[in-house]
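For reference, the structure discussed in these notes is given below.
In this note's numbering, the protein residues as written are 1 to 426.
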């Protein structure tokens, strides 16, 4: 009898072990009540919106359970940890460079998806569509048109201030009219290096060749036309910064509040800044304009932008075909159905990368991006900086902003950074 009881206990224990093993397969495992689609979201500002959407989607799509996750680690590091533990997400939102590095080994081909006919921003590798754009983002000089008109008495037309010379005249007019310091500068390293300084790479005639010259230590930033053109504009912003006495101490929220209230008229940024501006009852007559430069190559008539963040569906054995199909269905909902479209544009305030999606409900900054995108006036993003670029170059730029180093030393330190790091594969 004892042997029978022991055998029964062992059998129960083995079954429990099998169930436990099956239940802990991976973050891409199916649910007993249907299929579970795990989504990695790398845009922190829309995590709560994504979580709420996941609940509603799961309720309205019988048999599908959506789970959304976010990590504060770099995208590359987080994805590496998921693959090393064999727990990939079914659907991942990553940066463009991650599609090139991860896609060939980990993404399925989405070339046959009908919604692709409505976008020019999908990423293909070896004739396979591996990355689908989540949205378009863009950057330029944010302006408060009402604040400018209040001082000048004239409607503000950003197209009249393409050159730095024209912009400087407007700054002087604003100062004479009582706006003591018409500009703000965000001191954050990501804003300085990954957004403003980034344009120095993006506006080169041959971006890839220029970046490679930086890696090889052969670039001459101090004598580079684009470096000097954009830094000339930065110097004007710097000289007319409301926080010029302590620029690295200026808090982003304070700067955004001053722009929203019209205490300042200009600040470099992007459409993502509306998430902060909207908290301070901003004027609706705001927008984004190209960075004014004394240049004749047309870049002073364009914003910088393009596809920002990309979805890919995992191809590994840790994800089932059923889960992959559910992920495809989710993307189709997102890009072709009214509820999915509204989630992107109204709930998340993202500029759609698809021409079929109505964007009329977007905020003023995002409408500027859409306007420039529709007329083909976006300088493409360069997405292949080293992971520590914005922190390292941003720190150097903060020293320049605070007056610790001059432009020549600034150029030397940026060159030293690039020549000491490894090229990013893409």
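C-beta: ideal position from N, C-alpha, C; glycine also.
**Request:** Identify which residue in 130, 195 and 325 has its Cα closest to the Cα of residue 141.
**Result:** Walking along the chain shown from the start, residue 141 turns up at place 141. Looking at the Cα atoms, 195 is the closest of the given residues.
**Asked** Is the stretch 255-268 in contact with the stretch 123-136, if contact means three or more CB pairs nearer than 8 Å?
**Response** no
**Prompt:** What does a CB cutoff of less than 7 Å around residue 22 pick up in its chain, not counting 5 residues either side in sequence?
**Reply:** Looking up residue 22 in the chain shown gives position 22. Interpretation of residue 22 is limited by its pLDDT of 36, a score under 50 that renders its predicted location unreliable; no figure is taken from the coordinates.
**Item:** Collapsed DSSP secondary structure at residue 26 in the structure displayed
**Value:** On the chain shown, position 26 is the one that residue 26 refers to. For residue 26, the predicted structure reports a pLDDT of 39, less than 50, and the residue's modelled location is therefore unreliable. The matter cannot be settled from this model.
**Message:** So the candidates are 268, 208 and 61; which of them puts its Cα closest to the Cα of residue 252?
**Reply:** The count along the chain shown starts at 1 and reaches residue 252 at position 252. The shortest Cα separation from residue 252 among 268, 208 and 61 belongs to 268.
**Message:** For residue 27 and residue 157, I'd like the C-alpha separation in whole angstroms.
**Reply:** Looking up residue 27 in the chain shown gives position 27. Looking up residue 157 in the chain shown gives position 157. Here the model assigns residue 27 a pLDDT of 43, short of 50, so the residue's position is not dependable and the matter cannot be decided.
**Prompt:** Which value, in whole angstroms, describes the spacing of the CA atoms of residue 410 and residue 397?
**Reply:** On the chain shown, residue 410 is found 410 positions in, with the first residue counted as 1. On the chain shown, residue 397 is found 397 positions in, with the first residue counted as 1. So the alpha carbons of these two residues sit roughly 7 Å apart.
**Request:** Could you tell me the boundaries of the alpha helix (DSSP H) in which residue 171 lies?
**Result:** The sequence position of residue 171 within the chain shown is 171, counting from 1. Note, residue 171: alpha helix (DSSP H), 164-176.
**Which listed residue (81, 306 and 105) has its alpha carbon closest to that of residue 476** = Residue 476 lies beyond the stretch modelled for the chain, which goes from 1 to 426, so this question has no answer here.
**Identity of the residue in 201, 111 and 183 nearest residue 228 by Cα** = Position 228 of the chain shown, counting from 1, holds the residue named residue 228. That would be 201, whose Cα lies nearest to the Cα of residue 228.
**Message:** Tell me the rounded alpha-carbon separation between residue 293 and residue 243.
**Reply:** Position 293 of the chain shown, counted from the start, is the residue given in the question as residue 293. Position 243 of the chain shown, counted from the start, is the residue given in the question as residue 243. Residue 293 and residue 243: Cα-Cα distance of roughly 23 Å.
**Asked** So residue 134 is in the alpha helix (DSSP H); what residue range does that whole segment cover?
**Response** Taking the first residue of the chain shown as 1, we reach residue 134 at position 134. No alpha helix (DSSP H) holds residue 134; the beta strand (DSSP E) holding it covers 128-144.
**Request:** Pull up the DSSP beta-bridge partners for residue 286, would you.
**Result:** Indexing the chain shown from 1 puts residue 286 at position 286. DSSP, once it has assigned bridges, lists 144 as partnering residue 286.
**Prompt:** Excluding five sequence neighbours on each side, which residues of the same chain lie with their C-beta closer than 6 Å to the C-beta of residue 82?
**Reply:** Taking the first residue of the chain shown as position 1, residue 82 is located at position 82. Excluding sequence neighbours, residue 82 sits near 88.
**Message:** When you measure from the CB of residue 145 to every non-hydrogen atom of the ligand MG, does any distance come out below 6 Å?
**Reply:** This structure lacks the ligand MG; in fact it carries no ligand of any kind.
**Request:** Let me know if residue 25 comes out buried or exposed under the rule of 16 or more other beta-carbons within 10 Å of its beta-carbon.
**Result:** One-based indexing of the chain shown puts residue 25 at position 25. Only weak support is given to the placement of residue 25: the predicted model assigns it a pLDDT of 37, under 50, and the value that follows is read from those uncertain coordinates. By the Cβ neighbour-count rule, residue 25 is exposed, with fewer than 16 other Cβ atoms within 10 Å of its own.
**Request:** Report yes if the CB atom of residue 68 is closer than 7 Å to the CB atom of residue 95, and no otherwise.
**Result:** Translated into the one-based positions of the chain shown, residue 68 becomes position 68. Translated into the one-based positions of the chain shown, residue 95 becomes position 95. It is not a contact, given that the beta carbons lie outside the stated cut-off.
**Request:** Please go through the same chain and pick out, in chain order, the residues whose beta-carbon is closer than 6 Å to the beta-carbon of residue 308, but skip the five residues on each side of it.
**Result:** Residue mapping note: residue 308 aligns to position 308 of the chain shown, counting from 1. Within the same chain, residue 308 has close Cβ partners 135 and 137.
**Message:** Quick test of your reading: residue 303 and residue 236, contact by CB under 8 Å. State the CB separation rounded to the nearest angstrom.
**Reply:** In the chain shown, the residue the question calls residue 303 occupies position 303. In the chain shown, the residue the question calls residue 236 occupies position 236. By a beta-carbon distance limit of 8 Å, residue 303 does not contact residue 236. Their separation comes to about 19 Å.
**Prompt:** Does the beta-carbon distance from residue 338 to residue 162 come in below 7 Å?
**Reply:** For the purposes of this step, residue 338 is taken as residue 338 along the chain shown, with counting starting at 1. For the purposes of this step, residue 162 is taken as residue 162 along the chain shown, with counting starting at 1. Pairing residue 338 with residue 162 gives a Cβ-Cβ distance that is not under 7 Å.
**Asked** According to the neighbour-count rule (16 or more other Cβ atoms, all chains shown, within 10 Å of its Cβ), is residue 356 buried or exposed?
**Response** What you label residue 356 is simply residue 356 of the chain shown in a count that begins at 1. So residue 356 counts as exposed.
**Message:** Quick check on the DSSP output: what are the complete beta strand (DSSP E) runs of length 3 or more inside the stretch 64-111, in order along the chain?
**Reply:** Here the runs fully enclosed are 64-69 and 91-94.
**Request:** Could you pull out every residue in the same chain whose Cβ sits closer than 7 Å to the Cβ of residue 118, ignoring the five residues on either side in sequence?
**Result:** Numbered from 1 along the chain shown, position 118 holds the residue referred to as residue 118. Only 354, 355 and 356 meet the Cβ criterion.
**Residue burial classification, residue 191 (beta-carbon count within 10 angstroms, cutoff 16)** = Translated into positions along the chain shown, residue 191 becomes position 191. Residue 191 should be labelled buried.
**Request:** Can you give me the Cβ contacts of residue 139 inside the same chain, cut-off strictly under 6 Å, excluding the 5 residues immediately before and after it?
**Result:** Taking the chain shown and counting its residues from 1, one reaches residue 139 at position 139. Cβ within range, chain order: 195, 270 and 304.
**Of the residues 176, 50 and 233, the one placed nearest residue 166, counting alpha carbons only** = Within the chain shown, residue 166 is the residue found at index 166, counting from 1. The shortest C-alpha separation from residue 166 is found at 233.
**Request:** Report all residues from its chain with a CB closer than 6 Å to the CB of residue 280; omit the five preceding and five following residues, and keep chain order.
**Result:** Taking the chain shown and counting its residues from 1, one reaches residue 280 at position 280. These residues qualify, in order along the chain: 257 and 260.
**Prompt:** Counting pairs of beta carbons, one from the stretch 359-375 and one from the stretch 273-288, are three or more of them closer than 8 Å?
**Reply:** yes
**Asked** Can you list the beta strand (DSSP E) stretches of 3 or more residues lying completely in the stretch 227-305, in chain order?
**Response** 266-270 and 286-289
**Closest Cα partner of residue 347 within the set 34, 46, 38 and 36** = Counted from its first residue, the chain shown places residue 347 at position 347. Cα-wise, what sits closest to residue 347 is 46.
**Asked** Who are the near neighbours of residue 316 in its chain, counting only those whose CB is closer than 7 Å to its CB and skipping five residues on each side?
**Response** What you label residue 316 is simply residue 316 of the chain shown in a count that begins at 1. Cβ within range, chain order: 88 and 106.
**Message:** Run through the DSSP bridge pairs and tell me what residue 307 is partnered with.
**Reply:** Position 307 of the chain shown holds residue 307. Per DSSP, 136.
**Prompt:** Are residue 399 and residue 417 close, meaning C-beta to C-beta below 7 Å?
**Reply:** As a working note, residue 399 is residue 399 in the chain shown. As a working note, residue 417 is residue 417 in the chain shown. Not a contact, by the Cβ cut-off of 7 Å.
**Message:** Just list the residues that DSSP pairs residue 183 with in beta bridges.
**Reply:** As a position in the chain shown, residue 183 is number 183, starting the count at 1. Bridge partners of residue 183: 241 and 266.
**Request:** Alpha carbon to alpha carbon, how far is residue 425 from residue 31? Give it in angstroms, no decimals.
**Result:** Reading the chain shown from its first residue, position 31 is the one you call residue 31. Reading the chain shown from its first residue, position 425 is the one you call residue 425. In this prediction, residue 31 has a pLDDT of 40, which is less than 50 and means its spatial position is unreliable; nothing more can be read from the coordinates.
**Message:** Do residue 381 and residue 265 count as a contact pair if the criterion is CB distance below 7 Å?
**Reply:** As a first step, residue 265 is located in the chain shown; it is residue number 265 there, counting from the start. As a first step, residue 381 is located in the chain shown; it is residue number 381 there, counting from the start. No, these two residues do not count as a Cβ contact at 7 Å.
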